[in-house]
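K.L.:
I have a structure here, written as structure tokens, and I will follow up with some questions on it.
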Amino acid sequence: MNSNGTARRVVVGYVSSGDGDPALDWAQAEAKRREIPLVMLVASGVEYFTAPEMSAVPPWRDEVTAKLVHEAKSYAAKATGVAISVESRPRSPAASLVDASANAELVVVGRHEQSAIGEAFWGSTSAQVAAHASCPVVVVDRPVCGDSTAPIVVAVDGSDQGRAALEFAFQWSSDVAAPLVAVHAWWLDIPNHLSDSWLPDPMVEGVENGAQTVLDDSLAPWIEKFPDVVVRKILTRQYPVEAVLDAAGNAQVIVVGSRGRGGFVGLLLGSVSQGLLHDTGRACPLVVVHAAD
Numbered sequence: 006m007n008s009n010g011t012a013r014r015v016v017v018g019y020v021s022s023g024d025g026d027p028a029l030d031w032a033q034a035e036a037k038r039r040e041i042p043l044v045m046l047v048a049s050g051v052e053y054f055t056a057p058e059m060s061a062v063p064p065w066r067d068e069v070t071a072k073l074v075h076e077a078k079s080y081a082a083k084a085t086g087v088a089i090s091v092e093s094r095p096r097s098p099a100a101s102l103v104d105a106s107a108n109a110e111l112v113v114v115g116r117h118e119q120s121a122i123g124e125a126f127w128g129s130t131s132a133q134v135a136a137h138a139s140c141p142v143v144v145v146d147r148p149v150c151g152d153s154t155a156p157i158v159v160a161v162d163g164s165d166q167g168r169a170a171l172e173f174a175f176q177w178s179s180d181v182a183a184p185l186v187a188v189h190a191w192w193l194d195i196p197n198h199l200s201d202s203w204l205p206d207p208m209v210e211g212v213e214n215g216a217q218t219v220l221d222d223s224l225a226p227w228i229e230k231f232p233d234v235v236v237r238k239i240l241t242r243q244y245p246v247e248a249v250l251d252a253a254g255n256a257q258v259i260v261v262g263s264r265g266r267g268g269f270v271g272l273l274l275g276s277v278s279q280g281l282l283h284d285t286g287r288a289c290p291l292v293v294v295h296a297a298d
């Protein structure tokens, strides 16, 4: 068990044959690195509120579930180096993974787990899980090279969610002896027909100095706690999503808080986490971290 009482296991959504599934491959490798079990979660249900024209229990559900469970168990039986179990739940993939997150160290989801119905009503499975899960959620879009020496990139914004992301990122960097790149972006919304010359220099300098303070103050306690982690600070005048993606060209993972300082109270995913989640050019897995309640 973790210090917060949750089970030490990685949960990954399973939707098809294990061959060539980037999310499953990544989850298995991470469970092996952490020396904890992996759970392949099969969920073929459809939530009634996302598809009111369908019955609560589609007639094809049992057949599909049985097929997926058989595939998952066959895959698990062949795996080496990590204990793999298979669980089946009658709810939708998103709801099942959110439920499982209450008893997991990580939840891993792939973008292939989207459904047309879910996308139309509530967004992709990955977005739903990232917004509502009780533990960090890793979204794996494509095959990963697996270079454990590549940097960990973390978005810094000074919020509670951002502090949770920093703790997660520093711990990961320390565990794998990888450098950490901390990115804090600032910008000024200036009308298109105007330039910086329209603003007094002290105003621009004041905003930049304030951003530098946020970056330094946010990192200070974690640098002290993890003196073994090599940290590179990036302060840039860009929109945050662009800044993080620019810094993550060769990263092994991006870590971001679920919602930053600019979000409305009650908003479960902020604009930065949503932007990174849905960016098709992102080359590495994305970890979305919530602050503890």
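One point on numbering: in this note's numbering, the residue at position 36 of the sequence shown is 41, and numbering is uninterrupted. Where is the CB? At the ideal position from N, CA and C, for every residue including glycine. Keep in mind that this is a model prediction, so the values were computed, not measured.
Runs of 3 residues minimum, wholly inside the stretch 150-174: which ones carry the beta strand (DSSP E) assignment?
P.N.:
Here the runs fully enclosed are 157-160.
K.L.:
Counting only the same chain and skipping the five closest in sequence on each side, list residues whose C-beta sits under 6 angstroms from that of VAL44.
P.N.:
The residues are ARG14, VAL16, SER90, GLU92.
K.L.:
DSSP three-state label for TYR80, please.
P.N.:
In this structure, TYR80 counts as helix in the three-state DSSP scheme.
K.L.:
My guess is that ALA288 and PRO245 are in contact by the Cβ rule of under 8 angstroms, so how many angstroms apart are they, rounded?
P.N.:
Actually they do not touch by this definition, with Cβ atoms about 17 angstroms apart.
K.L.:
Let me check understanding here. Comparing Cα to Cα, which of ALA252, ALA187, SER276 lies closest to VAL236?
P.N.:
Ranking ALA252, ALA187, SER276 by Cα distance to VAL236 puts ALA187 first.
K.L.:
Please say whether ALA48 and ARG96 have beta carbons closer to each other than 8 angstroms?
P.N.:
The answer is yes: Cβ separation under 8 angstroms.
K.L.:
By a C-beta neighbour count over all protein chains shown, 10 Å radius and 16 as the cutoff for buried, is PRO141 buried or exposed?
P.N.:
Buried: at least 16 other Cβ atoms inside 10 Å.
K.L.:
Contact check, SER106 vs VAL112 under 8 angstroms by CB: the rounded distance?
P.N.:
So it is a contact: roughly 5 angstroms between Cβ atoms.
K.L.:
Measure from the alpha carbon of SER101 to the alpha carbon of each residue in SER79, VAL134, HIS75, GLU110, then state which is nearest.
P.N.:
Nearest C-alpha to SER101: VAL134.
K.L.:
How about the stretch 141-158 and the stretch 30-44: do they share at least three Cβ pairs that are nearer than 8 angstroms?
P.N.:
Counting Cβ pairs under 8 angstroms, three or more are found: they touch.
K.L.:
Under three-state DSSP, which class holds ARG94?
P.N.:
Here ARG94 sits in strand by DSSP.
K.L.:
Is DSSP giving THR285 helix, strand or coil here?
P.N.:
Residue state, collapsed to three classes: coil.
K.L.:
Mapping the DSSP letters down to three states, classify THR241 as helix, strand or coil.
P.N.:
It is a strand residue.
K.L.:
Does the Cβ of PRO232 have 16 or more other Cβ atoms within 10 Å, making it buried, or fewer, making it exposed?
P.N.:
Exposed, since its Cβ has fewer than 16 Cβ neighbours within 10 Å.
K.L.:
Please classify ALA253 as buried or exposed, where buried requires at least 16 neighbouring CB atoms within 10 angstroms.
P.N.:
ALA253 comes out buried.
K.L.:
If contacts are defined as beta-carbon pairs under 8 angstroms, then ALA169 and ALA88 qualify, I think. What distance do you get, rounded to the angstrom?
P.N.:
That pair is no contact at about 28 angstroms.
K.L.:
Who are the near neighbours of VAL234 in its chain, counting only those whose CB is closer than 7 angstroms to its CB and skipping five residues on each side?
P.N.:
For VAL234, where only same-chain residues beyond five positions count, the Cβ hits under 7 angstroms are PHE175, SER178, SER179, LEU185.
K.L.:
Got a sec? Which residues, its chain only, sit under 6 angstroms from ALA248 by beta carbon, not counting five neighbours each side?
P.N.:
The answer, listed in chain order, is VAL188, ALA190, THR241.
K.L.:
Mind checking which residues open and close the beta strand (DSSP E) that includes VAL235?
P.N.:
Careful: VAL235 lies outside any beta strand (DSSP E) and carries neither H nor E.
K.L.:
When DSSP labels each residue in this structure, what does TRP192 get in the three-state scheme?
P.N.:
Coil at TRP192, not helix or strand.
K.L.:
Just to confirm the assignment, what range does the alpha helix (DSSP H) spanning ALA28 have?
P.N.:
It spans 27-39 - the alpha helix (DSSP H) in which ALA28 sits, taken as one unbroken run.
K.L.:
Whose C-beta lies closer than 6 angstroms to the C-beta of TRP227 among residues of the same chain, with five residues either side of it excluded?
P.N.:
Closer than 6 angstroms at Cβ, skipping near neighbours: LEU171, PHE175.
K.L.:
Applying the criterion that 16 or more other CB atoms from any shown protein chain within 10 Å of the CB defines a buried residue, is ALA82 buried or exposed?
P.N.:
Exposed, by the Cβ-count rule.
K.L.:
Inspect the beta-carbon positions of SER263 and GLY275 and report whether they are closer than 8 angstroms.
P.N.:
Contact flag set, yes.
K.L.:
Measuring CB to CB, does VAL144 end up less than 8 angstroms from LEU291?
P.N.:
Their beta carbons are under 8 angstroms apart, which means VAL144 touches LEU291 by this criterion.
K.L.:
Give the single residue among ALA77, ARG38, ILE41 whose Cα lies nearest to the Cα of SER21.
P.N.:
It is ALA77.
K.L.:
Please name the residue in GLN217, VAL261, VAL293, VAL158 whose C-alpha comes closest to that of ASN255.
P.N.:
Comparing Cα-Cα distances from ASN255 to each of GLN217, VAL261, VAL293, VAL158, the minimum goes to VAL158.
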